[in-house]
Amino acid sequence: MSLYRSAAWLAKGLREYTKSGYESAAKDFDPDDLEVQVPGRAFLVTGGNSGIGKATATEIAKRGGTVHLVCRDQSRAEGAKGEIIRESGNQNIFLHILDLSDPKKIWKFAETFKQEHTLNVLINNAGCMVNKRELTEDGLEKNFATNTLGVYILTTALIPVLEKAHDPRVITVSSGGMLVQKLSISDLQSERTAFNGTMVYAQNKRQQVVLTERWAQQHPAIHFSSMHPGWVDTPAVRQSMPGFHARLKDRLRSAAQGADTVLWLALSSAAPLQPSGQFFQDRKPVPTHLPLARTSSLPAEEEKLMEVLGELAQRFK
Ligand SMILES: NC(=O)c1ccc[n+]([C@@H]2O[C@H](COP(=O)([O-])OP(=O)(O)OC[C@H]3O[C@@H](n4cnc5c(N)ncnc54)[C@H](OP(=O)(O)O)[C@@H]3O)[C@@H](O)[C@H]2O)c1
Numbered sequence: 028m029s030l031y032r033s034a035a036w037l038a039k040g041l042r043e044y045t046k047s048g049y050e051s052a053a054k055d056f057d058p059d060d061l062e063v064q065v066p067g068r069a070f071l072v073t074g075g076n077s078g079i080g081k082a083t084a085t086e087i088a089k090r091g092g093t094v095h096l097v098c099r100d101q102s103r104a105e106g107a108k109g110e111i112i113r114e115s116g117n118q119n120i121f122l123h124i125l126d127l128s129d130p131k132k133i134w135k136f137a138e139t140f141k142q143e144h145t146l147n148v149l150i151n152n153a154g155c156m157v158n159k160r161e162l163t164e165d166g167l168e169k170n171f172a173t174n175t176l177g178v179y180i181l182t183t184a185l186i187p188v189l190e191k192a193h194d195p196r197v198i199t200v201s202s203g204g205m206l207v208q209k210l211s212i213s214d215l216q217s218e219r220t221a222f223n224g225t226m227v228y229a230q231n232k233r234q235q236v237v238l239t240e241r242w243a244q245q246h247p248a249i250h251f252s253s254m255h256p257g258w259v260d261t262p263a264v265r266q267s268m269p270g271f272h273a274r275l276k277d278r279l280r281s282a283a284q285g286a287d288t289v290l291w292l293a294l295s296s297a298a299p300l301q302p303s304g305q306f307f308q309d310r311k312p313v314p315t316h317l318p319l320a321r322t323s324s325l326p327a328e329e330e331k332l333m334e335v336l337g338e339l340a341q342r343f344k
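First residue of the sequence shown: 28, per this note's numbering; consecutive thereafter.
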């Protein structure tokens, strides 16, 4: 990564991604946007047992929505489900155990889900930053398997059920960290260069932004968005970036603040008035490239990403 990109990103982050950045942006929010009730609408939240995902699931439950939590760990997931029911009084909270780094299981899950449920809003929230190169049982690099291929397969598999729903939406929790990366598809499994988990994560998050733009073009009946939650105090940040967490601790956003734009995209009637496929921060579409950072990709490179993921995904079907 160029020094320019990292310095420009850090300066932007300290201004905008912190708690004070949220408080300043929130002065322009319309509080009525989230004063909605959504009984009868179904929301699937991946990683809904923790951090931003749990805050999102709880607020949706409070507004009467049916919530499908998709989580990998039974006991953490059951604990979260109980808390969400207690806090919201909403009994329509369903649990599905699924490891999103396992492509075969994602296809299988989606097949069953489609037969048993309807879905209005898919929230691709689960994500990881694994700092050592780890492979899944299928030989996939763990960050790529979870953040890119998992999101690709789950979304692709659920598009038919979303297309049957009223006002369908897909929100993918990406990261402002993607601003330091130009789309690259030459080494999706991170085999060829020294492994840097932070950069692999940022590349995966760039891929999610490109996927969102492409899906928006391919599926006009669904409203797609990607978003950056800001820098949020969650287990992921504590575990994967302990130095960053220690330095910024008091300046990090709460999970509720991180979830605000996810909720706005999922619930408000204002969100779908925006063009589909954009990247949001604090309820506003924002550029997907830093000025002068040379991170833009060619349409052919983006098409290639779709093609490569499509082929890889089919191998596990
Ligand atoms: N926090 C930030 O500052 C920040 C900034 C930018 C973007 N984000 C993004 O926000 C999203 C939510 O993260 P968070 O910060 O709220 O962290 P978190 O509280 O640690 O939540 C991450 C969630 O993802 C789940 N997950 C991870 N790998 C999974 C897998 N293979 N299968 C199923 N679930 C899996 C975790 O499950 P377990 O509980 O079982 O581990 C957890 O529920 C992520 O996509 C992250 O990249 C966060």
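No residue lacks a Cβ here, since even glycine has one placed at the ideal position from N, Cα and C.
For the 8 Å Cβ check, are there 3 or more pairs between the segment 48-56 and the segment 77-91? No, because fewer than three Cβ pairs between the segment 48-56 and the segment 77-91 fall closer than 8 Å, the two stretches do not touch.
If you reduce the DSSP assignment to three classes, tell me which class L275 lands in. Your numbering for residue 275 matches position 248 in the sequence shown. Of the three classes helix, strand and coil, the one that applies to L275 here is helix, per DSSP.
Counting along the chain, where does the alpha helix (DSSP H) carrying M226 start and finish? Numbered from its first residue, the sequence shown carries residue 226 at position 199. Run containing M226: 224-245, per the alpha helix (DSSP H) assignment.
For N147, which of helix, strand or coil comes out of DSSP? Position 120 of the sequence shown, counted from the first residue, corresponds to residue 147. Coil at N147, not helix or strand.
Give the list of continuous alpha helix (DSSP H) stretches no shorter than 4 residues that lie fully inside the segment 168-219. 177-190
Just to confirm before moving on: does the CB-CB distance between S281 and M156 stay below 8 Å? Locating residue 281 in the sequence shown gives position 254, where the first residue counts as 1. Locating residue 156 in the sequence shown gives position 129, where the first residue counts as 1. Result no, Cβ atoms of S281 and M156 do not sit closer than 8 Å.
For M205, which residues from the same chain have a beta carbon less than 7 Å from its beta carbon, with the 5 sequence-adjacent residues on both sides left out? Walking along the sequence shown from the start, residue 205 turns up at place 178. Excluding positions up to five away in sequence, the list reads A229, K232, R233, V236.
Which value, in whole angstroms, describes the spacing of the CA atoms of A243 and S128? Here residue 243 is taken as the residue at index 216 of the sequence shown, counted from 1. Here residue 128 is taken as the residue at index 101 of the sequence shown, counted from 1. Using only the alpha carbons, I get a separation of about 24 Å.
L346 in three-state terms, based on DSSP: The shown model of the chain, from 28 to 344, leaves out residue 346, and the question about it has no answer.
Does the segment 106-117 touch the segment 41-48, meaning 3 or more C-beta pairs lie closer than 8 Å? no
If the criterion is Cβ atoms closer than 8 Å, does the pair V264 and H272 meet it? Translated into the one-based positions of the sequence shown, residue 264 becomes position 237. Translated into the one-based positions of the sequence shown, residue 272 becomes position 245. The answer is yes: Cβ separation under 8 Å.
Beta strand (DSSP E) runs wholly inside the segment 61-144, at least 3 long, in chain order: 69-73, 93-98, 120-124
Please tell me whether L336 and R196 are closer than 8 Å, where the distance is taken between their beta carbons. Taking the sequence shown and counting its residues from 1, the one referred to as residue 336 is at position 309. Taking the sequence shown and counting its residues from 1, the one referred to as residue 196 is at position 169. Taking 8 Å as the Cβ cut-off, L336 and R196 do not qualify as a contacting pair.
In the DSSP assignment, what are the bridge partners of H250? Counting from one through the sequence shown, the residue named residue 250 turns up at place 223. According to DSSP, which records beta bridges pairwise, H250 is partnered with R196.
Would you list the residues sitting across from R280 in a DSSP beta bridge? Residue 280 sits at position 253 when you count from the first residue of the sequence shown. The partner list for R280 (beta bridge, DSSP) reads V259.
Spell out a yes or no on whether the segment 88-106 and the segment 123-138 are touching, meaning 3 or more CB-CB pairs, one atom from each, closer than 8 Å. Flag = yes, the segment 88-106 and the segment 123-138 touch.
Would you mind working out which of S211, P299, L215, G257 sits nearest S324, comparing C-alpha positions? In the sequence shown, the residue the question calls residue 324 occupies position 297. The residue with the shortest Cα to Cα distance from S324 is S211.
Could you give the first and the last residue of the continuous beta strand (DSSP E) run that contains Q305? As a position in the sequence shown, residue 305 is number 278, starting the count at 1. The continuous beta strand (DSSP E) containing Q305 extends over residues 305-308.
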